[in-house]
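Asker: Provided herewith is a single structure, encoded as structure tokens, for subsequent inquiry.
Here's what the structure looks like:
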């Protein structure tokens, strides 16, 4: 649907759930709060303008790949999306090609594509995969994250956009799973979500090297709706005795409450 208040703005919805927003005139315009948080991570990972090699699991309308291409020209990016007709629709209606844009797309299951990706081939792996409004179970385990860690170069970063609500059982389990694979981790979410007052997006970030938490916290604090970064110590307290998720007991993320992401 076109955004009547923003020339060039488009909203993609799937099964009545807002999925992506893109601005064809300005790819640095990140409308959704969680995409701004992912954009801040992209900004904090390396000196301004330095190209990155990125693997995106989940395509949608390619909001974050467009942002990365605009802010870090020359970046090599691959987008994996299981929905081939969706990719074809986006390419037809919201094309992303342009000078300095190196984005290739693959129609495949995210985990299968990740397992087949060359070792040490990416600076950044971003997972933003939803089946309807839920993260599929096979993308929530230690085994899945080990594939992601293998694809990353030394110092590379993995980030996942998830969603959860009170009592944050899924988020705690995913944080425990992340910590079982990556030695350096953090979590980003709105304070009201962390206080277990409402359902919302949660971004989990992991690396084999210390993360740019100070710079990322500064960027998050400047947002219209500031998010809070939980560092490793706070994440330890959040996780408590929650055990990492293995393939054998993996479950999809909980469904959102009625009307959480609906479009009027």
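Residue numbers (the numbering used here): 2 to 265.
Glycine included, every Cβ here is placed at the ideal spot set by N, Cα and C.
Predicted model only: the values in this text are computed from it and were never measured.
Whole angstroms is fine: what's the gap from residue 5's alpha carbon to residue 89's?
Answerer: 24 Å
Asker: CA-CA distance, residue 232 and residue 26?
Answerer: 36 Å
Asker: Let me know the secondary structure DSSP gives residue 199 once reduced to three states.
Answerer: coil
Asker: Assuming residue 106 is part of the beta strand (DSSP E), what are its boundary residues?
Answerer: 103-108
Asker: Which residues in the same chain have their Cβ closer than 7 Å to the Cβ of residue 102, if we skip the five residues on either side of it in sequence?
Answerer: 70
Asker: Residues in its own chain within less than 8 Å of residue 50 by CB, not counting five upstream and five downstream?
Answerer: 72, 73, 74
Asker: Between the Cα of residue 53 and those of 42, 61, 94, 62, spot the shortest distance and give me the residue it belongs to.
Answerer: The shortest Cα separation from residue 53 among 42, 61, 94, 62 belongs to 42.
Asker: Would you identify the three-state DSSP class for residue 182, choosing helix, strand or coil?
Answerer: In the three-state scheme derived from DSSP, where H, G and I count as helix and E and B as strand, residue 182 is classed as helix.
Asker: Excluding sequence positions up to five away, which residues of its chain have a Cβ less than 8 Å from the Cβ of residue 244?
Answerer: 174, 177
Asker: Our contact map puts residue 123 next to residue 153 with C-beta atoms below 8 Å; I'd like the distance itself, whole angstroms only.
Answerer: That pair is a contact at about 6 Å.
Asker: On the DSSP letters alone, give me the boundaries of the alpha helix (DSSP H) that residue 234 sits inside.
Answerer: From DSSP, the alpha helix (DSSP H) with residue 234 extends over 233-240.
Asker: What is the rounded straight-line gap between the Cα of residue 251 and the Cα of residue 206?
Answerer: Straight-line Cα distance between these residues: approximately 19 Å.
Asker: Confirm, please, whether the CB-CB distance from residue 246 to residue 142 is below 9 Å.
Answerer: yes
Asker: When burial is assigned at 16 or more other CB atoms within 10 Å of the CB, is residue 264 buried or exposed?
Answerer: Here residue 264 scores only 49 on pLDDT, less than 50, and its place in the model should not be relied on; the value that follows carries that caveat. Looking at its Cβ environment, which holds fewer than 16 other Cβ atoms inside 10 Å, residue 264 is exposed.
Asker: For the beta strand (DSSP E) that contains residue 126, what are its first and last residues?
Answerer: 123-128
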